[in-house]
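Just so you know, we're using this note's numbering here: the sequence shown kicks off at 2 and counts up by one. Inspection log for the structure reproduced underneath, given as structure tokens.
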Amino acid sequence: MKKHLIFDLDGTLIDSAPSILEGYDHAFKSTGTPLKMPLSNDVIGPPLIESLQLLSGQDDDALLQSLAKVFKEHYDSSGYLKSVVFDGVTAMLQQLHQAGYKLYIATNKRLFPTEKIVRHLQWDQYFQGVYALDYFQPALSRKADMVGRIVQDLSLPIEQCLYIGDRLEDGLAADAHHMDFVLVTWGYAADASQKKPHWHRCTHVDALATTIADLKG
2 MKKHLIFDLD
12 GTLIDSAPSI
22 LEGYDHAFKS
32 TGTPLKMPLS
42 NDVIGPPLIE
52 SLQLLSGQDD
62 DALLQSLAKV
72 FKEHYDSSGY
82 LKSVVFDGVT
92 AMLQQLHQAG
102 YKLYIATNKR
112 LFPTEKIVRH
122 LQWDQYFQGV
132 YALDYFQPAL
142 SRKADMVGRI
152 VQDLSLPIEQ
162 CLYIGDRLED
172 GLAADAHHMD
182 FVLVTWGYAA
192 DASQKKPHWH
202 RCTHVDALAT
212 TIADLKG
């Protein structure tokens, strides 16, 4: 069976769009920086600086750091509280935990607000570990590297691992380590059409536990 379940966060367990988009809007307005593209779910998922580059259309480090500072102050103090749990997710995590699975989070979101969200939702009882790109020092640049470090540092057998996420990047991160992957489509899934033939797919939270149980190590 798949014993170790690694979850993406945004778009997989929580709808963070309301909180993140509000934070971006606040950052751009506060700094007087014009937006070069609309605030939409398309910018949810990548690392913060990468999203700010897309939204501003600029690579100026000073500007990006200024935007990031304002965003972090807002998001880390109150914005993160507006994240919405997808219906059925908490019950699903409890079910998997009680069934003996080991659960982990691997997200592009920064570690500090991620841990605050997990504690706020009282999910720390379910997860063995919470990982972000900046959990590691020096910080990693790709989700594929993060998944690899989790497997390596915890000595997890690849055949017993499963990554669960809502974006193409998540699936490619699993593929980089020959790990099975489930693409969930109740979140953002902006690139679900790019699903690879060997990936598994789940369209409803209530069906995920069954999908996982059907997979063999």
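Heads up, the beta-carbon is just placed ideally off N, CA and C, and yes, glycines get one too.
C-alpha gap between residue i and residue j, whole angstroms
i	j	result
SER20	THR34	19 angstroms
LYS73	ALA175	29 angstroms
ILE15	LYS3	23 angstroms
GLN126	PRO47	27 angstroms
ALA18	ASP9	15 angstroms
ASP154	LEU169	24 angstroms
TYR25	LEU40	8 angstroms
LEU68	GLU51	12 angstroms
LEU173	ILE165	11 angstroms
Residue i - containing alpha helix (DSSP H), residue span
i	result
LYS103	No alpha helix (DSSP H) holds LYS103; the beta strand (DSSP E) holding it covers 103-108.
ASP62	62-78
ALA210	206-214
Cβ distance (whole Å) where residue i is taken to contact residue j below 8 angstroms
i	j	result
LEU216	LEU104	At roughly 15 angstroms, the Cβ-Cβ gap does not stay under 8 angstroms, so LEU216 and LEU104 are not in contact.
LEU56	VAL44	6 angstroms
Proximity test, residue i beta-carbon vs the ligand ZN heavy atom, cut-off 7 angstroms
i	result
PRO48	Of ligands this structure carries none, so the ligand ZN is not represented either.
Residue i - DSSP class collapsed to helix/strand/coil
i	result
HIS5	strand
LEU169	helix
LEU184	strand
Extent of the continuous beta strand (DSSP E) run through residue i
i	result
ILE165	162-166
HIS201	201-203
8 angstroms Cβ cutoff, residue i in contact with chain B
i	result
GLY149	Protein chains in the displayed structure number just one, and chain B is not present.
(request) Starting from the N-terminal side, write out each stretch of the alpha helix (DSSP H) that is 4 residues or longer and does not extend beyond the segment 15-58. (result) Correct list: 18-32 and 49-57.
(request) Output the residue ranges of the beta strand (DSSP E) runs that lie fully inside the segment 85-156 and measure 3 residues or longer, sorted by chain position. (result) If we require 3 residues or more, the beta strand (DSSP E) runs fully inside the segment 85-156 come out as 103-108 and 128-133.
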